[in-house]
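To start, the structure under review is shown below, and the notes come after it.
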Amino acid sequence: MRHLPNIICLGRIALIWPVIDSLIGHHYGRTLVLFGIAALSDGLDGWLAKRYAWTSRLGKLLDPLADKLLLVSVFLLLTWLGQVPRYLAVAAVGRDFMIGIGALVFRLGWGPLHGRPILSSKINTVLQIGYILLVVIHAAWGLPPAPVLQALAALTFLTVAYSGVAYLGDFTRRALQIAARA
Numbered sequence: 026m027r028h029l030p031n032i033i034c035l036g037r038i039a040l041i042w043p044v045i046d047s048l049i050g051h052h053y054g055r056t057l058v059l060f061g062i063a064a065l066s067d068g069l070d071g072w073l074a075k076r077y078a079w080t081s082r083l084g085k086l087l088d089p090l091a092d093k094l095l096l097v098s099v100f101l102l103l104t105w106l107g108q109v110p111r112y113l114a115v116a117a118v119g120r121d122f123m124i125g126i127g128a129l130v131f132r133l134g135w136g137p138l139h140g141r142p143i144l145s146s147k148i149n150t151v152l153q154i155g156y157i158l159l160v161v162i163h164a165a166w167g168l169p170p171a172p173v174l175q176a177l178a179a180l181t182f183l184t185v186a187y188s189g190v191a192y193l194g195d196f197t198r199r200a201l202q203i204a205a206r207a
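If you use the numbering used here, the sequence shown closes out at 207, no skipped numbers anywhere.
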């Protein structure tokens, strides 16, 4: 049972292709179900890992990797399909790229990043998932109205930018603290 969160993460990664395939085929009802399962699995694996202390080094890598792979691939495809504004996709993918590069630079220059996701990042992830779900619902049934999606896109963009800057500040603060101790 201890490895259940990791198995759930692998399941989320395995759902990426069916989500992409259903979007390409304009099967939005199927996309909604598959992406919804993937989104719920993100919360479930984290809850199980924390609740039962089933955390692992692999899980600390798999969980954010599964999230990034799912969100980046869906954002890029929905943008290509004309469903998501380009500015939001560029910001979301750019933020994830910046965080990945920042984590790699930190790891190489100062050592392991012993930490957890910051609150603004968790809020951003929830907004990104919610936004994608509403975009797919809109593509399937025309609801919510376009102005609602535009407002949510703007709000999601703000959280993308804020959490990106917050991560950059966090990496910098940690690096300076380590350098000051050396």
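Backbone N, C-alpha and C define an ideal beta-carbon position, used for all residues, glycine too. All figures in this text were calculated on a predicted structure; none of them were measured in a lab.
Here Thr197 is exposed. Its C-beta has fewer than 16 other C-beta atoms within 10 Å.
In this structure, DSSP gives Tyr187 a helical state, which the three-state scheme calls helix.
A residue is called buried once 16 or more other Cβ atoms fall within 10 Å of its Cβ, and Gly54, having fewer, is exposed. Going by DSSP, Trp135 is part of the alpha helix (DSSP H) stretching over Arg111 to Trp135. Pairing Ala117 with Ala204, the inter-Cα distance amounts to about 30 Å.
His163 carries a helical assignment under DSSP once its states are collapsed to helix, strand and coil. Pro30 counts as buried, since no fewer than 16 other beta carbons sit within 10 angstroms of its beta carbon. Going by C-alpha positions, Ala200 is about 12 Å away from His139.
Ile33 is not a Cβ neighbour of Leu90, given a cutoff of 8 Å. For Ile62, the enclosing alpha helix (DSSP H) stretches over residues Tyr53 to Arg76. Around the beta carbon of Ala64, 16 or more other beta carbons lie within 10 angstroms, which makes this residue buried. Of the candidates Trp79, Leu48 and Asp92, the residue whose Cα lies closest to the Cα of Arg37 is Asp92.
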